[in-house]
Amino acid sequence: MTTPDLINQLVQFRKQIYASFNQRSDSVMDLLDALCANTSANSVVELSLNPLFRREHGALYGAIGALSTSRDAVTAPDQLEESPPQTRFPEAWVKAIAGVIPAPEHRDYWLFGVDVTAVSRPHAVTLKDRESVYKPTVIQGQKPITLGHNYSLMSAIPEAEVAEGRSWLVPVSVERVTSFESKTGVGQHQVERLLNDKTLPWYQDRCVLVVDSDYSHRRFLYPFSTQENRVIVTRARANRVFYRLPQTSPDQRRGHPRWYGARFDLKDDTTWGTPDQTTTFATTTTNGHGRTVTLTGWQNLLMRGSKAHPMHAHPFDLLQVQITDSTGQRVFKPQWLLVFGQSRRQLSAQQAYQSYRERFTLEHGIRFGKQHLMMTQLQTPQVTQEETWVQFSWLAYVQLWVARLLTQRLPQPWQRFLPTYKQHHITPSMVQRDFSRIIQQIGTPAAEAKPRGKSPGRSAGNTLDPRPRRPIIKRGRARRKKEKKAV
1 MTTPDLINQL VQFRKQIYAS FNQRSDSVMD LLDALCANTS ANSVVELSLN
51 PLFRREHGAL YGAIGALSTS RDAVTAPDQL EESPPQTRFP EAWVKAIAGV
101 IPAPEHRDYW LFGVDVTAVS RPHAVTLKDR ESVYKPTVIQ GQKPITLGHN
151 YSLMSAIPEA EVAEGRSWLV PVSVERVTSF ESKTGVGQHQ VERLLNDKTL
201 PWYQDRCVLV VDSDYSHRRF LYPFSTQENR VIVTRARANR VFYRLPQTSP
251 DQRRGHPRWY GARFDLKDDT TWGTPDQTTT FATTTTNGHG RTVTLTGWQN
301 LLMRGSKAHP MHAHPFDLLQ VQITDSTGQR VFKPQWLLVF GQSRRQLSAQ
351 QAYQSYRERF TLEHGIRFGK QHLMMTQLQT PQVTQEETWV QFSWLAYVQL
401 WVARLLTQRL PQPWQRFLPT YKQHHITPSM VQRDFSRIIQ QIGTPAAEAK
451 PRGKSPGRSA GNTLDPRPRR PIIKRGRARR KKEKKAV
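Throughout the sequence shown, residue numbering follows full-length UniProt numbering, covering 1 to 487 in sequence.
Below, the structure written as structure tokens:
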């Protein structure tokens with residue numbers, strides 16, 4: 001695309017996003033630009049000091065409140081009072097984002113990823129629906145947990161151009177995982193809702209979903225077993241046990257037919273048998289080290305099912321990934337990849353492996369959102385505002401992605417000596433540093449602020465009742481019994 005086309009694409013995207021704001025649209029648009037151009041603020045209120053936010057700090061909080069009150073909430077039928085309804089990613093945002101995602105050229109499928117991240121709120125004692133969530137730690141012996149909320153992110157992973165590198169993702173859905181849901185259940189609903197939307201460009205095309213080992217169980221995989229053009233590539237834990245297809249016997253005997261054949265224990269190589277395929281290719285790391293990747297595949301394996309999830313009728317393929325250096329020494333432990341779906345054979349072993357490698361783009365994007373887009377910085381006692389802010393932060397990330405090819409490379413002084421391949425990559429941080437110049441060049445659909453005088457504020461002697469303290473939600477057997485009684 002030429003520079004005028006890139007500018008027009010960004011302008012049209014901003015107009016669509018601006019039109020989706022129902023209240024205080026000018027303030028919300030300025031807040032979005034200030035967040036995209038932030039390089040110094042450490043708290044949300046400091047965004048009001050950004051030159052792109054042409055209003056006072058009171059308008060900033062008004063914009064956040066207006067954005068959260070104009071959203072539609074979805075309540076689960078078995079949801080109790082202490083678990084507030086979740087707010088979905090606005091449909092207008094999804095349509096605008098889908099319109100700027102380019103169709104794949106070098107691969108014949110769309111690539112998506114799903115992951116979960118936590119927003120830590122250990123001191124928010126008045127915040128509803130807090131529970132223990134995973135938070136990594138480098139301190140040995142410390143439990144990797146905190147108090148807060150989990151958020152499920154579904155993102156498109158576009159093809160990486162040489163100038164862009166592999167640092168980008170395009171979020172299309174962000175939802176909070178309530179205490180009455182599982183993260184895999186929320187991810188499943190996100191995938192089904194977006195991939196089966198007839199108005200989106202990937203509806204009739206093949207879509208590949210890459211997820212971690214937490215999603216490699218039957219409850220997540222089974223709903224996609226009957227969907228054509230949907231392939232799931234997930235990692236399997238090294239202690240899993242699968243089964244081969246049962247051998248058919250010409251002698252029909254009484255009783256239940258066999259659903260599972262011989263065991264396939266990932267820990268016991270004597271149960272593996274002869275592989276169906278072996279692929280070997282050479283690759284080079286970003287540091288210039290040569291590596292040899294060996295993919296060993298077995299076809300038509302089964303996992304244990306249940307009455308609700310009869311997995312015996314839906315086989316999958318299994319890949320073992322081994323990486324060695326130039327001397328033949330193993331670099332990492334063998335990795336197991338599970339390829340599931342009716343059209344899984346249309347995906348080669350190397351494509352499945354490369355697709356799963358792209359999943360780590362989500363982790364880089366989540367880290368950038370927390371460190372540079374203040375995804376976890378809004379200290380609010382209202383769950384709806386927290387959900388809105390997390391989704392708003394990801395919208396800012398998408399706007400940075402749309403503006404990436406208009407960016408002038410402005411490396412920091414210590415970055416001028418980076419390797420050549422890094423010097424030419426456009427990273428999210430680089431776009432954020434140059435975003436103010438881009439907005440000054442193309443303008444904004446938001447109107448300028450009109451001073452209306454000083455607000456009278458609260459009347460003298462007015463006091464507010466303290467917010468009630470909320471209990472920490474604990475999942476377990478007692479909680480499940482309580483859910484059944486509520487139903």
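For each residue, glycine too, the CB sits at the ideal point set by N, CA and C.
For the pair W110 and P104, the CB atoms are nearer than the 8 Å cut-off. One alpha carbon belongs to A449, the other to T2, and they sit about 34 Å apart.
For secondary structure counted as the alpha helix (DSSP H) over 4 or more consecutive residues, the segment 167-216 holds these complete runs in sequence order: 183-195. The three-state reading of DSSP puts A66 in helix, counting H, G and I together.
Residue environment analysis places N196 among the exposed positions, since fewer than 16 neighbouring C-beta atoms fall within 10 angstroms of its C-beta. For Q346 and Q354, the gap between their C-alpha atoms comes out near 14 Å. Note on P315: 16 or more other CB atoms within 10 angstroms of its CB, so buried under the neighbour-count rule. Only buried fits W389, as 16 or more other CB atoms lie within 10 angstroms of its CB.
Distance from the CA of T280 to the CA of Q320, rounded to the nearest whole angstrom, comes to 12 Å. Take the alpha-carbon of T234 and the one of Y215: they are about 7 Å apart.
The beta carbon of S429 sits closer than 8 Å to those of F368, H372, all from its chain and outside the five residues before and after it, given in chain order. Taking the CA atoms as reference points, F264 sits about 34 Å from I145. Taking the C-beta atoms as reference points, M374 is found nearer than 8 Å to L35. By the neighbour-count criterion, in which 16 or more other beta carbons inside 10 Å mark a residue as buried, Y151 falls on the buried side. Pairing P411 with L418, the inter-Cα distance amounts to about 10 Å.
Rounded to the nearest angstrom, the gap between the Cα atoms of R359 and K267 is 25 Å. The C-alpha of P468 is placed about 40 Å away from the C-alpha of T361. Judged by beta-carbon spacing, E131 lies within the 8 Å limit of I473, meaning their Cβ atoms are closer than that value.
Taking C-alpha positions only, A236 is separated from L338 by approximately 6 Å. Look at the beta carbons and you see the segment 394-401 touching the segment 168-181: at least three pairs across the two are nearer than 8 Å. About 6 Å separates the Cβ atoms of V172 and V94, confirming a contact at the 8 Å cut-off.
Between the beta-carbon of I17 and that of Q385 there is about 19 Å, and that puts the pair past the 8 Å contact cut. Look at the beta carbons and you see the segment 287-299 not touching the segment 245-262: under three pairs across the two are nearer than 8 Å. Here the alpha carbon of N22 sits roughly 22 Å from the alpha carbon of V45.
The distance from the Cβ of R240 to that of G305 is about 14 Å, inconsistent with a contact at the 8 Å cut-off. Judged by DSSP secondary structure, M154 falls within the beta strand (DSSP E) whose first and last residues are 145-156.
Boundaries for A118: no alpha helix (DSSP H) harbours it, while the beta strand (DSSP E) harbouring it runs 110-120, taken from the DSSP string. Scanning the segment 402-447 from its first residue to its last, the whole alpha helix (DSSP H) runs of 4-plus residues come out as 420-423, 428-442. Of S326, S225, K198, N8, the smallest CA-CA separation from T285 is found for S326. Excluding five sequence positions before and after D26, the CB atoms of its chain that fall closer than 7 Å to its own CB belong to A446, A447, given in chain order.
Here the alpha carbons of R24 and G62 stand approximately 8 Å from one another. If only uninterrupted beta strand (DSSP E) runs of at least 3 residues are considered, those enclosed by the segment 253-309 are 263-265, 277-284, 290-302. Sorting G99, L301, S459, V431 by C-alpha distance to the C-alpha of R404 places V431 at the top. Under the criterion of beta carbons closer than 8 Å, F112 and A160 do not qualify as touching, at roughly 15 Å.
When the beta-carbon positions are compared, L47 and L31 come within less than 8 Å of each other.
Apart from sequence neighbours up to five positions away, the residues of its chain that approach K15 with a beta-carbon distance below 6 Å are P445, ordered along the chain.
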